[in-house]
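Chains as they are written, first to last, in the numbering used here: chain A, 257 to 496; chain B, 409 to 635; chain C, 41 to 301.
Glycine included, every Cβ here is placed at the ideal spot set by N, Cα and C.
What follows is a set of notes on a single structure, which appears directly below.
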Amino acid sequence: MAGQTDMKLIKNGVRLDGRKPDELREVKIVAGVLDNADGSCYLEWGNNKVYAGVFGPMECHPRHKQKADRAIVQARYTMAPFSVNDRKRPGYDRRSTEISYIASQAFERVVMVEEFPKASIRVDMQVVEAHAGTRCAAITAASVALADAGIPMRDMIPACASGKVNDVVVLDLNKEEDNYGQADLPLAIIPSTGEVVLLQLDGHLTPDEFEQAMDLATSGCMDLYEKMRNALDNRYGGSA
Amino acid sequence: MSEESSNKSNSESARKLVLPGDLVETKSKPGKGIFRKDGRIYSSVLGHAHDKSGYINVNAITGRYKPKTGDKIVAICAETGPSIWRMDIGSAFNSTLHHSESSWKVPFGDTARFLAIGDAIWAEVFMVDAAGSHQISLKKDDCRKLYSGTIVKIDPTNVPRVIGKQGSMITTIRENTQTRIQIGQNGYIWIDGKGEDIALAQKAIETINQEATSKGLTKKIEKLLEK
Amino acid sequence: MSNDHVSNLMKGHMETLATEGKRADGRGINEYREVKIEIGMLNTAEGSAMVHLGKTKVLCGIKMLIGRPYGDSPKSGTMMTSTELAPLADQSFDPGPPREQSIELSRVVDRGIRESRMIDFEGLCIEEGEKVWTVFIDLHILDNNGNLFDCCTLAAAAALSNAKIPNVQHGVADKDVDLPVNCWPISCTFGKLGDSVILDPTSEEEGVMSARFTVAHDENGNLRAAQKGMNGAFTDSEIREAVKTARTSDNVLREALKGIQ
Numbered sequence: 257m258a259g260q261t262d263m264k265l266i267k268n269g270v271r272l273d274g275r276k277p278d279e280l281r282e283v284k285i286v287a288g289v290l291d292n293a294d295g296s297c298y299l300e301w302g303n304n305k306v307y308a309g310v311f312g313p314m315e316c317h318p319r320h321k322q323k324a325d326r327a328i329v330q331a332r333y334t335m336a337p338f339s340v341n342d343r344k345r346p347g348y349d350r351r352s353t354e355i356s357y358i359a360s361q362a363f364e365r366v367v368m369v370e371e372f373p374k375a376s377i378r379v380d381m382q383v384v385e386a387h388a389g390t391r392c393a394a395i396t397a398a399s400v401a402l403a404d405a406g407i408p409m410r411d412m413i414p415a416c417a418s419g420k421v422n423d424v425v426v427l428d429l430n431k432e433e434d435n436y437g438q439a440d441l442p443l444a445i446i447p448s449t450g451e452v453v454l455l456q457l458d459g460h461l462t463p464d465e466f467e468q469a470m471d472l473a474t475s476g477c478m479d480l481y482e483k484m485r486n487a488l489d490n491r492y493g494g495s496a
Numbered sequence: 409m410s411e412e413s414s415n416k417s418n419s420e421s422a423r424k425l426v427l428p429g430d431l432v433e434t435k436s437k438p439g440k441g442i443f444r445k446d447g448r449i450y451s452s453v454l455g456h457a458h459d460k461s462g463y464i465n466v467n468a469i470t471g472r473y474k475p476k477t478g479d480k481i482v483a484i485c486a487e488t489g490p491s492i493w494r495m496d497i498g499s500a501f502n503s504t505l506h507h508s509e510s511s512w513k514v515p516f517g518d519t520a521r522f523l524a525i526g527d528a529i530w531a532e533v534f535m536v537d538a539a540g541s542h543q544i545s546l547k548k549d550d551c552r553k554l555y556s557g558t559i560v561k562i563d564p565t566n567v568p569r570v571i572g573k574q575g576s577m578i579t580t581i582r583e584n585t586q587t588r589i590q591i592g593q594n595g596y597i598w599i600d601g602k603g604e605d606i607a608l609a610q611k612a613i614e615t616i617n618q619e620a621t622s623k624g625l626t627k628k629i630e631k632l633l634e635k
Numbered sequence: 041m042s043n044d045h046v047s048n049l050m051k052g053h054m055e056t057l058a059t060e061g062k063r064a065d066g067r068g069i070n071e072y073r074e075v076k077i078e079i080g081m082l083n084t085a086e087g088s089a090m091v092h093l094g095k096t097k098v099l100c101g102i103k104m105l106i107g108r109p110y111g112d113s114p115k116s117g118t119m120m121t122s123t124e125l126a127p128l129a130d131q132s133f134d135p136g137p138p139r140e141q142s143i144e145l146s147r148v149v150d151r152g153i154r155e156s157r158m159i160d161f162e163g164l165c166i167e168e169g170e171k172v173w174t175v176f177i178d179l180h181i182l183d184n185n186g187n188l189f190d191c192c193t194l195a196a197a198a199a200l201s202n203a204k205i206p207n208v209q210h211g212v213a214d215k216d217v218d219l220p221v222n223c224w225p226i227s228c229t230f231g232k233l234g235d236s237v238i239l240d241p242t243s244e245e246e247g248v249m250s251a252r253f254t255v256a257h258d259e260n261g262n263l264r265a266a267q268k269g270m271n272g273a274f275t276d277s278e279i280r281e282a283v284k285t286a287r288t289s290d291n292v293l294r295e296a297l298k299g300i301q
């Protein structure tokens, strides 16, 4: 959040990419795109492109990470070197480590980990093209991949960000809004209960704006949830 | 949230796809593939709900093999211990075959002489405990070590498709390819016969696995086998 | 499907079939799986390609940055190849820093591209001795079903062929131009299965084969790079025969590459 409010990001209630403040970018979700993984998903969100793949439940390695009474979720978020304009060094950095960690914890809230003592469920999220909002895209894709892998869960978790640009609370920041906007609030929820399983915030929001941003991100999550259902229905609905 | 969750309900059609977290309307007792919350029943997996003989189950249509007592399976030796074998059966954890559950007299430490890593058997799941560990046995019915043929792996959830209605699909494959086939509930399938015939049967089974949800599968398989 | 435990029965079956010139998936021993190449799907990369070789799936992105030339070649651009064995591609791919397997793969692909002079490195000089373009070839393995070597080389070649030099972004010139590409290296990988040699092994075949041999040819049928891998061995005549086979079998891959131009 550079917070350079002098940059005109909204004109007459319309954003630079033509969206209204409460409008999502276009989202396309396809379940079951990889052969090897137990479950997988490809997701395009605006120009963001993400693959998610799930293996498990399986024996947890290394052994010292095993939990005697439940499974652990090992989520890993990575950005490909070519996913951004300036080439990113391959591999793990502090940002992806943090996102991986909070995503693992979010998934452990919905995955019925108690059914698989000592096991591990490996969730891999690969961002191959990034234009702001990749952690939300990755978590949404991973939720679909978890369902596609047949992992028992209490629900699927959609994730979506809201934020503030030119003093207006908006849904789903694009690249420019992310770079020059005033706040970014990624949120992941459990649709059936409304519980919040992931929330981050950076920037500047008044208490009123925060309430507004929460409402907007929640409604974005619910829209995404429908798209996630449709993706799984497209893959499995035709059977039986 | 109440509006959203109400359109997730699955009241009438038993064949409708249900997803994790979907409310399942029922008066039946909870079975598998579900969880209870606030006195109501929800699906925990992606599958189809079946309300039968007083129990509500959601049968998963994807996922790894979950061992059930009495299942006949194909198992591959993954590890040997002094008195046990650890067997890959495609589930989350390897299964244990204790030497006393084989028909061999195994001297302590000599397990690999009877069943080495990579060797396959036709076996039965005889014990699954609450913590999820399981044991298999070679002592039941036609259980035995497999000495010839090959093994094909498919999704365990597609096993009913390979078998077909009253075994129609598998009979078609057997008759057209002149092979012996035994289908493990774990999705590991043993095929024996002439090399070329095995390859054709394998192709048919893999096609069913790939296109399990598509229509006109029986016709397609019959055509494939004509060649 | 995980192939962690390939049964001895499968091994025997595949070896028997191979002695009859056949494969478990119905192919002949010198036949490639179906090849599909898509290009230009990534906006953030200077060039990109997705290659499907049977069920193996590799995504390649090309990035170009300005760097210094090596002292012994002041007029030449440079290149670097990396592969990411993404954990979602295979249960056996561990998260973490690159292992030997990934580094060997990167280096074999790198040699095929470099030694064939596919890229006109002299054309990448901006200022002699000071500024040249560095080409980063990043290969992302998304689905491993065997023969990553050929799939990666193909993906790298396809992505390079549609790469544009980002002159505008880096203030070098006022127009982006095509990366100068001279020729098309193609690698062919063989596996030793029992006493037979098979082309384009699947991961099941890789699980039971004892040795691997990769050879890269240029368009004129000359050898440019080769690598023998795994702890088995080939006979002298098997190697010579494989090199001959590669020259005819790589046509399907060349045709697939021509299809995208």
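- Fewer than three beta-carbon pairs drawn from the stretch 384-393 of chain A and the stretch 454-462 of chain B are found closer than 8 angstroms, and the two stretches are therefore not classed as touching.
- Residue environment for G261(C): exposed (fewer than 16 other C-beta atoms within 10 angstroms of its C-beta).
- The C-alpha of P373(A) is placed about 33 angstroms away from the C-alpha of E140(C).
- When only Cα atoms are considered, A213(C) and I205(C) end up about 10 angstroms apart.
- The beta carbons of I481(B) and G592(B) sit closer together than 8 angstroms.
- Scanning its chain for C-beta atoms nearer than 7 angstroms, with the 5 sequence neighbours on each side dropped, one finds around L233(C) the residues M54, E55, A58, E245, V248, M249, in chain order.
- Excluding its 5 nearest sequence neighbours in each direction, Q322(A) has C-beta neighbours in its own chain below 7 angstroms: C316, K374, listed in chain order.
- When C-beta atoms of the stretch 456-470 of chain A are compared with those of the stretch 482-490 of chain A, fewer than three pairs fall below 8 angstroms, so the two segments do not count as touching.
- I279(C) and E71(C) have their C-alpha atoms roughly 17 angstroms apart.
- Residue pairing by DSSP places D178(C) opposite G101(C), S122(C) in a beta bridge.
- Proximity to N467(B) across L427(A), P408(A), M368(A) peaks at P408(A), based on C-alpha coordinates.
- In this chain, the alpha helix (DSSP H) harbouring P463(A) covers 463-492.
- Residue environment analysis places Q301(C) among the exposed positions, since fewer than 16 neighbouring C-beta atoms fall within 10 angstroms of its C-beta.
- Assignment of K440(B) by DSSP, reduced to helix, strand and coil, places it in the coil class.
- A394(A) carries a helical assignment under DSSP once its states are collapsed to helix, strand and coil.
- The shortest C-alpha to C-alpha distance from F522(B) to any of S576(B), I562(B), W512(B) is the one to W512(B).
- For T229(C), the secondary structure class from DSSP, reduced to helix, strand or coil, is strand.
- Collapsing the DSSP output to three states places T434(B) in coil.
- In the three-state scheme derived from DSSP, where H, G and I count as helix and E and B as strand, Q131(C) is classed as coil.
- Going by DSSP, P313(A) is part of the beta strand (DSSP E) stretching over 304-315.
- When DSSP states are grouped into helix, strand and coil, C223(C) belongs to the coil group.
- In the structure shown, D190(C) adopts helical secondary structure according to DSSP, grouped into three states.
- Using a Cβ distance threshold of 8 angstroms, L200(C) and C192(C) do not count as a contacting pair.
- Per the DSSP secondary-structure output, S541(B) pairs with nothing in a beta bridge.
- Residue range 243-248 is occupied by the alpha helix (DSSP H) that includes E246(C).
- For the options L488(A), L472(A), M478(A), C477(A), the alpha carbon positioned closest to that of K276(A) is the one of L472(A).
- For the C-beta of V426(B), not a single chain A residue is nearer than 9 angstroms; the gap to the nearest is close to 10 angstroms.
- Residue environment analysis places R472(B) among the buried positions, since at least 16 neighbouring C-beta atoms fall within 10 angstroms of its C-beta.
- Under the 10 Å beta carbon count, A607(B) is surrounded by 16 or more other beta carbons and is classified as buried.
- Taking a beta-carbon distance threshold of 8 angstroms, I469(B) counts as an interface residue toward chain A.
- With respect to the C-alpha of R448(B), the residue from T434(B), N594(B), G439(B), G441(B) having the closest C-alpha is T434(B).
- Think of a sphere of 7 angstroms around the beta carbon of R485(A): the chain B residues whose beta carbon falls inside it are L427, in chain order.
- Where Q141(C) is concerned, the enclosing alpha helix (DSSP H) starts and stops at 140-155.
- Secondary structure at G68(C): strand, using DSSP grouped into helix, strand and coil.
- For chain C, the residues of the stretch 526-538 of chain B that bring a beta carbon within less than 8 angstroms of one of its beta carbons are G526, D527, A528, in chain order.
- In the DSSP annotation of this structure, the continuous segment of the beta strand (DSSP E) that includes Y298(A) starts and ends at 295-301.
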